[in-house]
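J.:
Protein chains: 2
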Amino acid sequence: MKLASYKDGSRDGQLVVVSRDLGTAHYATGIATRLQQVLDDWNFLSPQLEDLSHALNHGKARHAFAFDPRQCMAPLPRAYQWADGSAYINHVELVRKARGAEMPESFYTDPLMYQGASDDLLGACDDIVCPSEEFGIDFESEVAVITGDVATGTSADEALEGIRLLLLANDVSLRQLIPAELAKGFGFFQSKPATAFSPVAATPDELGGAWQGGRVHLKLESVWNGKRVGLTDAGPEMTFHFGQLIAHIAKTRRVRAGSIVGSGTVSNKDWARGYSCIAEKRAIETIESGAPKTDFMKFGDTIRIEMKGEDGMSVFGAIEQKVAPLAR
Amino acid sequence: MKLASYKDGSRDGQLVVVSRDLGTAHYATGIATRLQQVLDDWNFLSPQLEDLSHALNHGKARHAFAFDPRQCMAPLPRAYQWADGSAYINHVELVRKARGAEMPESFYTDPLMYQGASDDLLGACDDIVCPSEEFGIDFESEVAVITGDVATGTSADEALEGIRLLLLANDVSLRQLIPAELAKGFGFFQSKPATAFSPVAATPDELGGAWQGGRVHLKLESVWNGKRVGLTDAGPEMTFHFGQLIAHIAKTRRVRAGSIVGSGTVSNKDWARGYSCIAEKRAIETIESGAPKTDFMKFGDTIRIEMKGEDGMSVFGAIEQKVAPLAR
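Heads up: the protein sequence lines correspond to chains A and B, in order.
This note's numbering numbers the first residue of the first sequence as 1 and each following residue consecutively.
This note's numbering numbers the first residue of the second sequence as 1 and each following residue consecutively.
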């Protein structure tokens with residue numbers, strides 16, 4: 001089934017079930033009003049939502065309406081955790097190579113993850129609001145999962161059982177703030193403003209055979225200012241699968257229901273497939289010609305991120321954002 | 001007023017108002033059931049809670065009962081944000097000096113903060129559960145605030161207006177995991193397990209004149225295995241006040257209601273006042289004699305963290321935790 005949170009003026013939105021083809025939706029009223037509620041009590045509530053989803057997909061839901069992704073908040077408009085990985089090691093290799101940094105051997109066996117802010121997550125069509133273009137505004141097209149409860153010490157394979165929903169993320173980064181921030185030693189902070197998510201979150205079964213071994217074997221399209229800049233494969237080159245990422249978090253603590261875990265920028269060794277973030281394009285330019293040529297995003301720029309299923313249909317709907325200045 | 005979240009088998013607990021002397025409590029039923037609800041709608045709900053608090057303090061609340069801190073979850077048992085600072089620059093100086101690292105000039109003007117996990121926050125008397133003693137288990141006695149909504153670009157002074165509640169935190173750290181983790185460059189992750197909070201969160205007016213300039217001018221006591229190891233002053237040496245910490249977060253994004261912001265380990269230049277984390281004691285030993293002598297915490301160890309008001313009474317109740325192995 002596919003779920004979304006419709007804007008209703010509240011902080012958490014109103015839970016809706018969305019049809020497989022993203023054509024229609026139905027309020028989940030009577031079952032649950034907010035997605036977090038469902039994650040808190042998944043075994044009891046999700047079968048009821050599945051029934052509604054089944055009726056909706058067969059045109060039998062009584063109060064269905066046309067689904068409009070512009071009415072969507074993030075599936076979880078605020079979450080108790082947003083932890084993001086760098087699971088596509090090619091991305092890390094490229095960025096480090098461009099700045100002449102060694103690739104530590106441990107990076108191939110131990111996932112790189114950072115703790116992100118989750119108090120303010122953006123809907124798929126919300127503006128990327130930024131105080132200054134000078135911050136180096138970049139998109140990062142990613143795949144993400146939402147988990148149930150996962151116990152401390154859970155293995156990577158077991159952790160896969162904790163995955164409830166899949167979705168897409170635009171982990172917006174402010175590249176010009178990153179070097180100074182990472183030099184301070186405590187990781188990203190101001191350089192990671194609010195992250196945006198796809199209109200819809202889908203249960204793994206919606207992906208059919210494309211969901212395999214904790215990886216999504218589908219292509220992720222990134223369109224910047226109307227031009228396709230990336231069609232990267234999210235599957236085979238994901239060095240650490242989602243179970244491994246979740247197990248990495250759970251090594252020293254519990255992971256609680258409603259935690260969102262990201263893959264990091266989807267990246268492939270074959271440069272012909274393009275890029276899922278501008279930093280990578282600039283890294284390639286630096287490696288090839290000694291300096292980056294492509295600028296970061298400007299006010300008014302647009303970014304569209306989408307993933308098509310094996311049937312050619314959009315799985316999660318598209319993230320479609322515009323960069324905007326902060327209104328003062 | 002003082003607020004707490006009582007254990008009731010739910011994920012968020014049941015909101016109670018606690019009397020000023022921490023002697024009695026009263027369910028907030030009829031006003032709000034969860035603390036996050038109050039933070040979401042502060043201007044409407046907090047006056048009603050203030051009325052109840054007033055009645056309780058005057059022995060006129062009809063269904064008051066004896067307050068038991070062991071029944072407390074964290075005031076916010078799960079939060080949408082936990083961002084922790086290193087606002088006592090003396091702590092940073094000590095730790096860096098012990099490992100022969102320079103103190104960057106920017107550290108005196110630009111707060112050092114990290115994004116912590118907030119999906120699983122511990123009650124004041126919950127065990128510190130850890131898979132291994134070898135991880136180097138340490139306490140960190142801190143002051144923290146819970147905010148309302150704060151807009152992007154808010155100044156440090158304005159940000160003070162966004163502070164709703166004050167409380168204490170034990171930001172447990174796994175010291176032996178930190179060097180390798182920070183070397184990866186993305187900040188703390190596995191080295192910061194679940195943080196614990198005081199039984200009670202209090203509105204700033206409860207501190208009287210001790211709450212001044214965004215700092216808490218009171219002493220923070222840390223008692224490790226029954227021995228007082230620290231009685232540090234949380235006031236004058238807080239290099240960055242809470243408004244500055246919140247403004248630091250808000251530089252590139254909104255801060256949403258229910259965000260918890262920590263001060264970092266409370267630390268004073270006068271070593272005679274003791275320490276608020278073992279790492280600092282070990283740093284002093286290293287500076288004095290070339291090597292640390294004090295071990296980190298072992299299973300069975302206890303830590304008690306408390307702050308007394310100008311009237312000598314406990315302001316937030318005590319954090320009293322035991323270190324325990326992970327049950328397999």
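Note that CB positions come from ideal geometry on N, CA and C, so glycine has one too.
Bear in mind the structure is a predicted one, so any value in this text is a computation, not a measurement.
Please say whether Gly148 (chain A) and Ala257 (chain A) have beta carbons closer to each other than 7 Å?
T.: The sequence position of residue 257 (chain A) within the first sequence is 257, counting from 1. The sequence position of residue 148 (chain A) within the first sequence is 148, counting from 1. Contact: yes.
J.: The alpha helix (DSSP H) spanning Asp84 (chain A) covers which residue range?
T.: Position 84 of the first sequence, counting from 1, holds the residue named residue 84 (chain A). Counting along the chain, Asp84 (chain A) falls outside any alpha helix (DSSP H), though it belongs to the beta strand (DSSP E) covering Gln81 to Gly85.
J.: Would you call the region 132-143 of chain B and the region 161-178 of chain B in contact, with 3 or more CB pairs under 8 Å?
T.: yes
J.: Using only the alpha-carbon positions, how far apart do Gln71 (chain B) and Tyr6 (chain B) sit?
T.: Counting from 1 along the second sequence, the entry for residue 71 (chain B) is found at position 71. Counting from 1 along the second sequence, the entry for residue 6 (chain B) is found at position 6. Answer to the nearest angstrom: the Cα atoms are 6 Å apart.
J.: In the DSSP output, what is Ser173 (chain B) paired with across the bridge?
T.: In the second sequence, counting from the first residue as 1, residue 173 (chain B) sits at position 173. BP columns for Ser173 (chain B) point to B:Asp138.
J.: Along chain A, which residues have their Cβ under 7 Å away from the Cβ of Val323 (chain B)?
T.: If you number the second sequence from 1, residue 323 (chain B) lands on position 323. Simply none; closest approach about 13 Å.
J.: List the residues of chain A that Ser173 (chain B) touches, going by C-beta distances under 8 Å, in chain order.
T.: The sequence position of residue 173 (chain B) within the second sequence is 173, counting from 1. Those within 8 Å of Ser173 (chain B) in chain A number zero; the least Cβ separation is about 10 Å.
J.: Taking the alpha-carbon positions, what's the Asp157 (chain B) to Val150 (chain B) distance?
T.: Position 157 of the second sequence, counted from the start, is the residue given in the question as residue 157 (chain B). Position 150 of the second sequence, counted from the start, is the residue given in the question as residue 150 (chain B). Computed Cα separation, rounded: 12 Å.
J.: To which residues does DSSP link Arg20 (chain A) through a beta bridge?
T.: In the first sequence, the residue the question calls residue 20 (chain A) occupies position 20. In the DSSP secondary-structure assignment, Arg20 (chain A) is not bridged to any residue.
J.: Taking Cβ positions only, does Thr152 (chain A) come closer than 7 Å to chain B?
T.: Along the first sequence, read from residue 1 onward, the residue named residue 152 (chain A) stands at position 152. So, interface residue.
J.: According to a CB-to-CB cut-off of less than 7 Å, which residues of the region 191-207 of chain A neighbour chain B?
T.: Pro193 and Ala194
J.: Terminal residues of the continuous beta strand (DSSP E) containing Arg282 (chain A)?
T.: Mapped onto the first sequence, residue 282 (chain A) falls at position 282. Segment Ile278 to Ser289 is the alpha helix (DSSP H) holding Arg282 (chain A); no beta strand (DSSP E) there.
J.: Bridge partners of Arg70 (chain B), per DSSP?
T.: Here residue 70 (chain B) is taken as the residue at index 70 of the second sequence, counted from 1. According to DSSP, Arg70 (chain B) bridges with nothing at all.
J.: Exposed or buried, what is Asn318 (chain B) when buried is set at 16 or more other beta-carbons lying within 10 Å of its beta-carbon?
T.: One-based indexing of the second sequence puts residue 318 (chain B) at position 318. It should be noted that the sequence gives Ala, not Asn, for residue 318 (chain B). Per the 10 Å Cβ criterion, buried.
J.: Does the structure place the region 70-85 of chain B close enough to the region 103-111 of chain A that three or more beta carbon pairs sit under 8 Å?
T.: Short answer: they don't touch.
J.: Is Thr29 (chain A) buried or exposed, if buried means 16 or more other CB atoms sit within 10 Å of its CB?
T.: Position 29 of the first sequence holds residue 29 (chain A). By the neighbour-count criterion, in which a residue is buried when 16 or more other Cβ atoms sit within 10 angstroms of its Cβ, Thr29 (chain A) is exposed.
J.: Put Lys97 (chain B) into one of helix, strand or coil per three-state DSSP.
T.: Within the second sequence, numbered from 1, the residue matching residue 97 (chain B) stands at position 97. Helix.
J.: Where do the N-terminal and C-terminal ends of the alpha helix (DSSP H) with Pro179 (chain B) fall, by residue?
T.: Working through the second sequence from its first residue, we reach residue 179 (chain B) at position 179. According to the DSSP assignment, Pro179 (chain B) belongs to the alpha helix (DSSP H) that extends over Ile178 to Lys184.
J.: Can you check DSSP and say which residues form a bridge with Glu306 (chain B)?
T.: Against the second sequence, residue 306 (chain B) aligns to sequence position 306. Beta-bridge pairing links Glu306 (chain B) to B:Glu221.
J.: Throw me the rounded Cβ distance for the Leu122 (chain B) and Val145 (chain B) pair, which I believe falls under 8 Å.
T.: Within the second sequence, the letter at position 122 stands for residue 122 (chain B). Within the second sequence, the letter at position 145 stands for residue 145 (chain B). The pair is not a contact, with the Cβ atoms about 18 Å apart (cut-off 8 Å).
J.: Would Gly123 (chain B) count as contacting chain A if we go by Cβ distances under 7 Å?
T.: For the purposes of this step, residue 123 (chain B) is taken as residue 123 along the second sequence, with counting starting at 1. Chain A, which has no Cβ nearer than 7 Å to the Cβ of Gly123 (chain B), makes this no.
J.: Restricting to Cα atoms, I'd like to know which of B:Ala327, B:Ala283 and B:Phe299 is closest to His91 (chain B).
T.: As a working mapping, residue 91 (chain B) is identified with position 91 in the second sequence. Checked all of B:Ala327, B:Ala283 and B:Phe299; the closest Cα to His91 (chain B) is B:Ala283.
J.: According to DSSP, simplified to helix, strand and coil, what is Val255 (chain A)?
T.: Walking along the first sequence from the start, residue 255 (chain A) turns up at place 255. Val255 (chain A) falls in the strand class under three-state DSSP.
J.: Check the Cβ of Met113 (chain A) against every Cβ in chain B and list those closer than 8 Å, keeping chain order.
T.: Here the question's residue 113 (chain A) lines up with position 113 in the first sequence. Within chain B, the residues near Met113 (chain A) are Phe186 and Phe189.
J.: State the beta-bridge partners of His26 (chain A) as determined by DSSP.
T.: Locating residue 26 (chain A) in the first sequence gives position 26, counting from the first residue. Paired residues: A:Val17.
J.: Among A:Tyr275, A:Asn225, A:Phe316 and A:Pro69, which one has its Cα closest to the Cα of Gly300 (chain A)?
T.: Along the first sequence, one-based indexing puts residue 300 (chain A) at 300. Residue A:Asn225 is the option with its Cα nearest to Gly300 (chain A).
J.: For Asp233 (chain A), name the three-state secondary structure that DSSP assigns.
T.: Indexing the first sequence from 1 puts residue 233 (chain A) at position 233. Asp233 (chain A) falls in the strand class under three-state DSSP.
J.: So with Cβ pairs under 7 Å, would you call Asp120 (chain A) a contact of chain B?
T.: Within the first sequence, the letter at position 120 stands for residue 120 (chain A). By the rule that beta-carbons nearer than 7 Å mark a contact, Asp120 (chain A) touches chain B.
J.: Chain B partners of Leu182 (chain A), CB-CB under 7 Å?
T.: Numbered from its first residue, the first sequence carries residue 182 (chain A) at position 182. The answer, in chain order, is Gly185.
J.: State yes or no: is the beta carbon of Arg96 (chain A) nearer than 7 Å to at least one beta carbon in chain B?
T.: Here the question's residue 96 (chain A) lines up with position 96 in the first sequence. No - not a single Cβ of chain B is within 7 Å of the one on Arg96 (chain A).
J.: Please go through the same chain and pick out, in chain order, the residues whose beta-carbon is closer than 6 Å to the beta-carbon of Asp119 (chain A), but skip the five residues on each side of it.
T.: Your numbering for residue 119 (chain A) matches position 119 in the first sequence. If we look at Asp119 (chain A) and ignore the five residues flanking it on each side, its Cβ neighbours are Arg78.
J.: Of the residues that make up the region 132-143 of chain B, which ones have a beta carbon closer than 8 Å to any beta carbon in chain A?
T.: Phe135
J.: Is Ala169 (chain A) near Phe197 (chain A), with beta carbons less than 7 Å apart?
T.: Reading the first sequence from its first residue, position 169 is the one you call residue 169 (chain A). Reading the first sequence from its first residue, position 197 is the one you call residue 197 (chain A). Yes; because the gap between Cβ atoms is below 7 Å, this pair is in contact.
J.: Is Arg62 (chain B) helix, strand or coil when you go by DSSP?
T.: Numbered from 1 along the second sequence, position 62 holds the residue referred to as residue 62 (chain B). Note: Arg62 (chain B) maps to coil in three-state DSSP.
J.: Let me know the secondary structure DSSP gives Pro292 (chain B) once reduced to three states.
T.: Residue 292 (chain B) sits at position 292 when you count from the first residue of the second sequence. Coil.
J.: CB-CB under 7 Å to Ser46 (chain A), same chain, minus the five flanking residues each way: which ones, in chain order?
T.: Here residue 46 (chain A) corresponds to residue number 46 of the first sequence, with the count starting at 1. Cβ within range, chain order: Val38.
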